[in-house]
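Notes follow the structure.
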Amino acid sequence: MNITYHSTRNDQLSYTASQAILSGIAPDGGLFVPSSIPTLPITLEELSSKTYQEIAFVVMKEFLSDFSDEEIKQSIQVYNEKFDTPAVTPLVKAGDFHYLELFHGPTIAFKDMALSILPQLMTISAKKNNIKEDIVILTATSGDTGKAALVGFSEVPHTKIIVFYPKNGVSEIQEKQMLTQKGNNVHVVSIEGNFDDAQTQVKQLFADEKLKAELEENQLRFSSANSINIGRLIPQIIYYVYSYAQLIKDNTIKAGESINVAVPTGNFGNILAAYYAKEMGIPINKLIVASNENNVLTDFFTSGTYDRNRDFILTSSPSMDILVSSNLERLLYHLSGNDTKLVAGYMNSLSQEGIYKITADMLTKASDFYANFASEKDVKEQIQRINEEAGYIIDPHTAVAAFVANQYKEATDDQTEIVIASTASPYKFPLAVLEAAVANFSNDSLEASLQQLKELTGIPFPNAVDEALHDPILHDTTVKVSEMKEIVKKKLGLQ
Ligand SMILES: *Cc1c(COP(=O)(O)O)cnc(C)c1O
26 MNITYHSTRN DQLSYTASQA ILSGIAPDGG LFVPSSIPTL PITLEELSSK
76 TYQEIAFVVM KEFLSDFSDE EIKQSIQVYN EKFDTPAVTP LVKAGDFHYL
126 ELFHGPTIAF KDMALSILPQ LMTISAKKNN IKEDIVILTA TSGDTGKAAL
176 VGFSEVPHTK IIVFYPKNGV SEIQEKQMLT QKGNNVHVVS IEGNFDDAQT
226 QVKQLFADEK LKAELEENQL RFSSANSINI GRLIPQIIYY VYSYAQLIKD
276 NTIKAGESIN VAVPTGNFGN ILAAYYAKEM GIPINKLIVA SNENNVLTDF
326 FTSGTYDRNR DFILTSSPSM DILVSSNLER LLYHLSGNDT KLVAGYMNSL
376 SQEGIYKITA DMLTKASDFY ANFASEKDVK EQIQRINEEA GYIIDPHTAV
426 AAFVANQYKE ATDDQTEIVI ASTASPYKFP LAVLEAAVAN FSNDSLEASL
476 QQLKELTGIP FPNAVDEALH DPILHDTTVK VSEMKEIVKK KLGLQ
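Those letters in the sequence shown? Residues 26 to 520, by this note's numbering.
Take a look at the structure:
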């Protein structure tokens, strides 16, 4: 069956996959969802002998119904070229759990899984829809997304990218990663303000009709690479299918046996991909939603009420410091039995009052999910414990998931194998990791800390670390929030 896409808030207009990828968000503000979730066209036994790229092809072909086989295969090449291991996402057993390492891409965080392939999907989509203009990606980042998008789009023909980040709001290594980015089509700009200021202004620029017209005159058009783009969600389904295949292959489970997955969650994209894998036929029993102290999702899955009216807490897992998990809107759509009116009402209530409550029936259907959270102290102890017990070093985001997976096991006595989505290399968060794992750690310099982490993990520096430490700084623009529009025009050569 040919899958099309429509908004979570209205199912009247239907879009092809390529149109949905180019648009990013539906015109009514809703998120694109597939007309149905396809089932896997091959058996679980057959999966177990396939490579990552072969599984990627099987999954993507089901969703990208207006892409040719050739186009899908061409896109998948990035997993050969840009990842540092042929397994792409190795599954590592340490202590009680299987860690699915999603950080072997160019920026050593899981955003690479989707942002390395999105530029290919987007340029193919543009061609398919006879878009003559070059695509301009505008992104505001609090750290991880910016660099992953820069690497993904660098030197991709017919695209340009401008990334804004808060001057004093990202870690030293994250800033270095962005400022050393090469490529004739990439621009990095820091702003005097926080992430929310940058994000709000980027949204305004997208909605600026005058700017849009100026871009058009210059054969340019905006597009968005943010995590609600369906072109980011689909590539994330692949690794859950792959992890199941690996567990069959290494005789941990038999085909058909259930697994549980635990995911460190922020915007709800990664765990939603696991839900899609389950709906496609992968026997996932529990989907474990792990939050940090910003535990709005824990409360939601426990009570059925989503309430964003609470303090925003800065934690050691910054990529999960989120109060509005955008991708949850897609789950609401599925749990409601595809009731777009109901979803539109919830989203309206969220934007007006910051709160909504789902029906009892929906909450019952959500019982495939188990949600809990880790405090900062829990995260630290978890990193330390897994190092002591298994000699395996995990980053703070992954530690949130490992802690919550343990909570689940203790609460239920469920002995099902657990796969933890391991979303960042410890090298991306050296200070938090060393403070947890090393007694009396003192932070002398970034380089010294990274060196100490190397001794602790026994893993050589990934390319990303060498580059951040040694590559020349190539960008040095800082602007006020009020100057963002001017700098966009200047960088694009509009004036
Ligand atoms: C983005 C990110 C997350 C959260 O993923 P969502 O899809 O937003 O839930 C977790 N860990 C790391 C390291 C990330 O970069």
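Virtual Cβ for every residue (Gly too), placed ideally from N, Cα, C.
Q: Return yes when the Cβ of residue 255 is within less than 8 Å of the Cβ of residue 298, no when it is not.
A: no
(Q) Between the alpha carbons of residue 318 and residue 332, how many angstroms are there, rounded? (A) A straight-line Cα-Cα distance of about 14 Å links residue 318 and residue 332.
**Q.** Sheet register partners of residue 123 (DSSP bridge)
**A.** DSSP, once it has assigned bridges, lists 118, 444 as partnering residue 123.
Q) By Cβ distance, which residues of its chain are closer than 6 Å to residue 269, with the 5 residues on each side in sequence left out? A) 307
Q: Any chance you could list the alpha helix (DSSP H) runs of at least 4 consecutive residues sitting entirely within the segment 369-448, in chain order?
A: Listed in chain order, they are 385-390, 401-415, 421-437.
Q. Among all the DSSP beta bridges, which residues are the ones paired with residue 178?
A. Its beta-bridge partners do not exist; DSSP assigns none.
Q.
On the CB-based measure, 16 or more other CB atoms within 10 Å of its CB, does residue 422 come out buried or exposed?
A. It counts as buried.
**Q.** For residue 345, the nearest candidate out of 138, 49, 360, 399 (CA to CA)
**A.** Residue 345 has its Cα closest to that of 399, out of 138, 49, 360, 399.
Q: Pick helix, strand or coil for residue 495, following the three-state DSSP scheme.
A: helix
(Q) Using 8 Å as the cut-off, can you tell me whether the segment 33-41 makes contact with the segment 64-75, which would need three or more C-beta pairs spanning the two stretches below that distance? (A) no
Q. Is residue 129 near ligand 1, going by C-beta to nearest heavy atom under 7 Å?
A. no
**Q.** Top-ranked residue by Cα proximity to residue 167, from 476, 152, 342, 57
**A.** 342
Q) Which whole runs of the alpha helix (DSSP H) in the segment 45-122 are 4 residues long or more, in chain order? A) 69-72, 77-88, 94-101, 103-106, all fully within the segment 45-122.
Q: Please list the segments of the alpha helix (DSSP H) lying wholly inside the segment 199-285, counting only runs of 4 or more residues, in order along the chain.
A: Fully enclosed alpha helix (DSSP H) runs of 4 or longer: 220-232, 234-242, 255-274.
Q: Find the nearest neighbour of residue 361 within the set 377, 347, 390, 378, judged by alpha-carbon distance.
A: Across the set 377, 347, 390, 378, the C-alpha of 390 shows the shortest separation from the C-alpha of residue 361.
Q.
Would you call the segment 282-293 in contact with the segment 81-98, where contact means no fewer than 3 C-beta pairs closer than 8 Å?
A. no
Q) So who's on the other strand from residue 503, going by DSSP bridges? A) 215
Q: Under the assumption that residue 107 contacts residue 61 (Cβ atoms under 8 Å), give the Cβ distance between them as a whole number of angstroms.
A: Going by Cβ atoms, the distance from residue 107 to residue 61 rounds to 32 Å, so no, they are not a contact pair.
Q: Determine, using beta carbons only, whether residue 322 and residue 396 come nearer to each other than 8 Å.
A: yes
Q: Go ahead and pull the three-state DSSP assignment for residue 454.
A: coil
**Q.** Neighbourhood of residue 265 by C-beta distance below 7 Å, restricted to the same chain and skipping five residues each side
**A.** 286, 298, 299, 302, 307
Q) Exposed or buried, what is residue 21 when buried is set at 16 or more other beta-carbons lying within 10 Å of its beta-carbon? A) Nothing can be reported for residue 21, as the shown portion of the chain is limited to 26 through 520.
**Q.** CA nearest to the CA of residue 480, picked from 246, 227, 462, 44
**A.** 462
Q: Just grab the DSSP bridge partners of residue 185 for me.
A: 161
Q. What separation, rounded to the nearest whole angstrom, lies between the Cα atoms of residue 194 and residue 513?
A. 21 Å
Q. Taking the Cβ atom as the reference point for each residue, do residue 78 and residue 101 lie within a distance shorter than 8 Å?
A. Closer than 8 Å, so yes.
Q: Determine the contact status of residue 418 and residue 458, defining contact as a CB-CB distance below 8 Å.
A: yes
**Q.** Contacts around residue 258, its chain only, beta-carbon distance under 7 Å, and the 5 residues preceding and following it disregarded
**A.** 294, 297, 298
Q: Starting from residue 295, follow the alpha helix (DSSP H) in both directions and report where the run begins and ends.
A: 294-305
Q.
When you compare the CB positions of residue 353 and residue 337, do they come within less than 8 Å of one another, or not?
A. no
Q | Buried or exposed by the 16-neighbour rule on C-beta atoms within 10 Å, applied to residue 45 | A | buried
(Q) Is residue 203 near ligand 1 - that is, is its Cβ less than 7 Å away from at least one heavy atom of it? (A) If you check the C-beta of residue 203 against ligand 1, you find no heavy atom less than 7 Å away.
(Q) As a quick exercise: from 440, 156, 370, 392, pick the residue whose alpha carbon is nearest that of residue 54. (A) 370
Q: Out of 118, 251, 120, 177, state which residue places its alpha-carbon closest to the alpha-carbon of residue 144.
A: 177
(Q) Rounded to the nearest angstrom, what separates residue 368 and residue 379 at their Cα positions? (A) 14 Å
Q: Flag this pair as yes or no: are the beta carbons of residue 186 and residue 210 separated by less than 8 Å?
A: The Cβ-Cβ distance between residue 186 and residue 210 falls below 8 Å.
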